[in-house]
Amino acid sequence: MNSKLKKRLSIAELKSYPGFENYTDEMAEETIASLETLSILFYEHYQKSIQQKEILKTLPTSKAED
Numbered sequence: 672m673n674s675k676l677k678k679r680l681s682i683a684e685l686k687s688y689p690g691f692e693n694y695t696d697e698m699a700e701e702t703i704a705s706l707e708t709l710s711i712l713f714y715e716h717y718q719k720s721i722q723q724k725e726i727l728k729t730l731p732t733s734k735a736e737d
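Per the working numbering, the sequence shown starts with residue 672, numbered consecutively.
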């Protein structure tokens with residue numbers, strides 16, 4: 672995993688985006704938690720797809736017989 676420091680989106684940052692200006696702090700916190708969960712799922716899916724592509728590269732290819 673990358674050793675970069677991960678920064679969590681703050682409530683103020685979320686509220687600075689269009690459509691989120693009027694969120695309560697509680698709504699903003701729930702949204703941030705949901706975005707974190709979604710980003711983890713996307714990242715795990717991406718990593719899995721990379722691993723699968725690497726595995727496929729190592730498999731022998733079969734050639735159609737004429």
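Ideal Cβ placement from N, Cα and C applies to all residues, glycine included.
If you compare the alpha carbons of ALA683, SER720 and PHE713 with that of GLU697, the shortest gap goes to ALA683. Looking from the CA of ALA704, the closest CA among LYS675, ARG679 and THR732 belongs to ARG679. Under the three-state reduction of DSSP output, PHE691 falls in the coil class, being neither helix nor strand.
Taking 8 Å as the cut-off, the beta carbon of LEU709 is found no closer than this to the beta carbon of ALA699. Assigned with DSSP and collapsed to three states, THR732 falls in coil, not helix or strand.
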